[in-house]
Amino acid sequence: MNKFSGVFPLILLFFSFLHAGTNQYFSYQSPEILQQDITVSIIGPGTMPLKGMGTGLYAIVSPDNIEGTYDWEIVIGRDKVEIEYEEGPWVWIKPIEVSDTSKDIVVMVEFSPIDPLMEPVYDFIWMTVFDVEIVNGEDIYSETPIETEFFAGEKKVYKAKVKPDDFRWDYCEWVYPEWIPWTRYEPETEYCYVYGVLPGYGTLEVHIRKEDSFEPAVDGISFGIYSANIRINGKGEDKEEGTGIYIEKGKMVQVEIGPSMKEIGSPEFVEMTGPGEIHFKIEPVEKGEKISLWEYDDVTNTYIQRQFPYTYSCTPSQQNPFLSKTNLYIKGEQVSESNQDIKLILKGYKLSERETTAVDTVIITVFRIDVKLADMDEGVEDQTGLYLRLNDDDDDSDTEIDNQDNKVIGEDDLVRLEISCEPGDLPGNFTLSWGNNIKLWERTEKETEITQSQYTSEQLPETCYVEGYNVSNTIKDTEIKLSYQAPDDTQAEDKAKITVYAVELTGPQDVVVGEQFGLTITLSPPINTNATISRVKGTSYNETYRTEKYWNGSGDLLTTDTYIHRFGIKLPEPPTIGFVNSVSILITQYSLEDFSLKVEIDAFGGAIKNYVATKEHVWMRVKSTYFRTDFEDEGVDWPGYFFNNLPRVALPYGVPSLMNTYVILTEDISSDTKVEAKVRDRGPWFPFGSYYPKDNNWYNDYWDDAGWKHLAGFMVGLIRAGDTKYYSINGAGIDLSEGSIKGLRGQNYNPNNWPNPHIYWRFK
6 MNKFSGVFPL ILLFFSFLHA GTNQYFSYQS PEILQQDITV SIIGPGTMPL KGMGTGLYAI
66 VSPDNIEGTY DWEIVIGRDK VEIEYEEGPW VWIKPIEVSD TSKDIVVMVE FSPIDPLMEP
126 VYDFIWMTVF DVEIVNGEDI YSETPIETEF FAGEKKVYKA KVKPDDFRWD YCEWVYPEWI
186 PWTRYEPETE YCYVYGVLPG YGTLEVHIRK EDSFEPAVDG ISFGIYSANI RINGKGEDKE
246 EGTGIYIEKG KMVQVEIGPS MKEIGSPEFV EMTGPGEIHF KIEPVEKGEK ISLWEYDDVT
306 NTYIQRQFPY TYSCTPSQQN PFLSKTNLYI KGEQVSESNQ DIKLILKGYK LSERETTAVD
366 TVIITVFRID VKLADMDEGV EDQTGLYLRL NDDDDDSDTE IDNQDNKVIG EDDLVRLEIS
426 CEPGDLPGNF TLSWGNNIKL WERTEKETEI TQSQYTSEQL PETCYVEGYN VSNTIKDTEI
486 KLSYQAPDDT QAEDKAKITV YAVELTGPQD VVVGEQFGLT ITLSPPINTN ATISRVKGTS
546 YNETYRTEKY WNGSGDLLTT DTYIHRFGIK LPEPPTIGFV NSVSILITQY SLEDFSLKVE
606 IDAFGGAIKN YVATKEHVWM RVKSTYFRTD FEDEGVDWPG YFFNNLPRVA LPYGVPSLMN
666 TYVILTEDIS SDTKVEAKVR DRGPWFPFGS YYPKDNNWYN DYWDDAGWKH LAGFMVGLIR
726 AGDTKYYSIN GAGIDLSEGS IKGLRGQNYN PNNWPNPHIY WRFK
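Heads up: take any position in the sequence shown, counting from 1, add 5, and you land on my numbering.
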């Protein structure tokens, strides 16, 4: 710059003058050169974009036949531009930084003539490095980042911001690929209005140009226009408004909401990086009361109910992009009145939901299919199930077991089954299935067996009856199931578990007083359970200590040793017994009376079995006795022993030896005393004399029966020979006829006058 030191102040003054004008370039010559009429002029643009390739300048000498050398130099603004290349009259200027103000860069060329040799001449050009940036046109003074990702239906305003601020451009052009249908744009000088119409990607550019610039300053942005997407129960977009989404009543299904570009082939949910806050709003528009919204809290591991409409907001960024919210759930609260009667929408927006078209719509049906078995609750049907007794009785008394009989009048062991669906116009088929341990019948009489397995909603509800046909191998091994596949491929089923069981209670046909007997319970299938036995009819068990007064063979009044006298039915203590599969319960009946017992089993829903012993089947052990004679051996008086035709009587046998039956004499001993007789070990007899029971050879019948039937069994109901009043003999073998009682008392009653010294009597 030394060679310009003398003239530089003048040059700057001249630059200032030209800068105030409109020229883009100028030339200055010394007075000497002017006299010789030699000039140099710079030809080229005075502006260049920052992001451009730069600009070229050319120096023209006049007259053009003058030869010399060229020297290019940046006089002002070396921080803004640099010389990238120069050769003779040519120079290439490369931009480095945007100008602070317009024309704050000065580039000079010096031409030194060598033929003829003369003083150098100079020319200067004022230049500007300019740039453009697309900014938020609605609030250009805020620091809010420009929004290039937004939802369909929203409008964005962009502005072309040019630097330096005082730069005056000639042309502003917004360049946009009009063939992409996802937006609509309206350019307005430095402003451009962009409307999101459909989801998609695209670019928008702004070009700022000065007439003398070699190329424009360009800035561009890439757009993402998103739709709002809701996905329920993992079903695809094609199901949402096509078949609709099906939700079982009482069940929760997952809900996902987020940005989407599925319309252009993207996955259902795509990342949104912002900038700016985004909002999603879920809102039912029809029958919203039939569903509820829940949000899962993974901190407390609980579901929290949310109210409709529900809004979720977040601020995605490059560091934390948003894909979808996945912890929402919809629950079917009430069954739909008709198929596809619930409508739900999701809106997506950034600033306002008004007039947004970023909407996703879902049609929902809340449905229910039901297997109703024997009026059980839903929880019981699957958890405990129904205990169904094996149909092994004979309700119509035709000697054929009912589960092998196809027509049973009066059948009472089948249970009612109803299958149904709601709403009543559900499309598709329903499949009914059941196990081999049961059969289904149209009616309880078992005339028509059901084999149909496929139904439509028009055929429901359907009622039939279930029979226990085979015993289950294990608990709940049989089920009745109604299955349904909804049009959106949702699988649903309702089922009821069944255990076909058999409980067998076996016991003796005849019960002997004072002797323990067993009732055996056998369960099929085997199960660990308890059985409780209780008395339904008969005397409750009790015991008392007693003594007896009697006369011995010498006529002395004596008292027996104290003994325990037992009455009633003695059951196990405690009455509840735990067992698996089978158990025997030991019982003793101490009273000569009919009775009945109930066994209640915890398993199989509290199955109950009864054991009944009628009067004809409650016996006492007896032996035959007769008048004692001196030559007879007392050691042979075992049951059924007959030595001769002396009169005999059936007597109690076993412990206790005192029979619980009193014979009350009909005449008084005195005015305040009555006499009663009680059977003892060899107790009272009745005077058969030489008579047999009338018209009955019971002696021979006894031996024909192998000798083990109770003698009382032969005697009961017979008439004592010689009894004119025909009083029958009772089952205990005690003759209560008029003649027998009078014969016991006699005119002068004295028990020691009886022939048998082992017969004792006492006063009550």
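Glycine included, C-beta positions come from ideal geometry on N, C-alpha and C.
- Counted as a single uninterrupted DSSP element, the beta strand (DSSP E) harbouring lysine 500 occupies residues 496-511.
- In the displayed model, glycine 158 falls within coil according to three-state DSSP, outside both helix and strand.
- For isoleucine 269, the three-state secondary structure derived from DSSP is helix.
- By the neighbour-count definition (other C-beta atoms within 10 Å, threshold 16), lysine 620 is an exposed residue.
- In this structure proline 100 touches leucine 55 by the C-beta definition: roughly 5 Å separates them, less than 8 Å.
- The stretch 382-393 and the stretch 491-511 touch, with no fewer than 3 CB-CB distances between them shorter than 8 Å.
- For valine 140, the number of other beta carbons within 10 angstroms of its own is at least 16, and it is reported as buried.
- In this structure, serine 329 sits away from glutamine 310, with a CB-CB distance that is not shorter than 8 Å.
- Distance between isoleucine 88 and isoleucine 79, taken at the CA atoms: about 8 Å.
- For lysine 481, there is no enclosing beta strand (DSSP E), as DSSP gives it neither H nor E.
- Unbroken beta strand (DSSP E) stretches of 3 residues or longer found wholly inside the stretch 34-107: 44-48, 52-54, 60-67, 72-81, 86-92, 95-100, given in chain order.
- Excluding its 5 nearest sequence neighbours in each direction, isoleucine 613 has C-beta neighbours in its own chain below 8 Å: Lys603, Val604, Glu605, Ile606, listed in chain order.
- For phenylalanine 584, the secondary structure class from DSSP, reduced to helix, strand or coil, is strand.
- Around the beta carbon of isoleucine 569, fewer than 16 other beta carbons lie within 10 angstroms, which makes this residue exposed.
- Of Ser425, Lys336, Glu416, Ile414, the smallest CA-CA separation from leucine 378 is found for Ser425.
- DSSP, reduced to helix, strand and coil, places lysine 486 within a strand of the structure shown.
- Following the DSSP letters along the chain, one finds glycine 390 in no beta strand (DSSP E), marked with neither H nor E.
- Excluding five sequence positions before and after glycine 249, the CB atoms of its chain that fall closer than 6 Å to its own CB belong to Gln345, Ile368, Thr370, given in chain order.
- Annotation note: the stretch 337-380 contains the following uninterrupted beta strand (DSSP E) runs of length 3 or greater, listed N- to C-terminal: 347-354, 364-378.
- Remark: C-beta atoms of methionine 132 and glycine 51 approach each other more closely than 8 Å.
- The closest CA to that of phenylalanine 313, considering only Pro321, Cys319, Glu288, Asn306, is found on Glu288.
- With at least 16 other beta carbons inside 10 angstroms of its own, histidine 212 counts as buried.
- Note that the C-beta distance between valine 508 and asparagine 475 is not below 8 Å.
- By the CB criterion at 8 Å, alanine 233 and lysine 352 fall inside the cutoff.
- Contact check for tryptophan 174 and lysine 215: beta-carbon distance about 6 Å, within the 8 Å limit, so the pair qualifies.
- In the displayed model, lysine 295 falls within a helix according to three-state DSSP.
- Threonine 74 counts as exposed, since fewer than 16 other beta carbons sit within 10 angstroms of its beta carbon.
- Counting every other CB atom within 10 Å of its CB across the protein chains shown gives valine 617 a total below 16, marking it as exposed.
- CA-to-CA, the gap between tyrosine 546 and aspartate 380 works out to about 40 Å.
- Here glutamine 594 is buried. Its C-beta has 16 or more other C-beta atoms within 10 Å.
- Note that the C-beta distance between valine 290 and lysine 348 is below 8 Å.
- Within the DSSP bridge table, the entry for aspartate 224 names Val211 as partners.
- Straight-line measurement puts the Cα of glutamate 242 at about 47 Å from the Cα of threonine 453.
- Annotated three-state conformation of phenylalanine 313 is coil, per DSSP.
- Counted as a single uninterrupted DSSP element, the stretch harbouring lysine 240 is not any alpha helix (DSSP H), since DSSP gives it neither H nor E.
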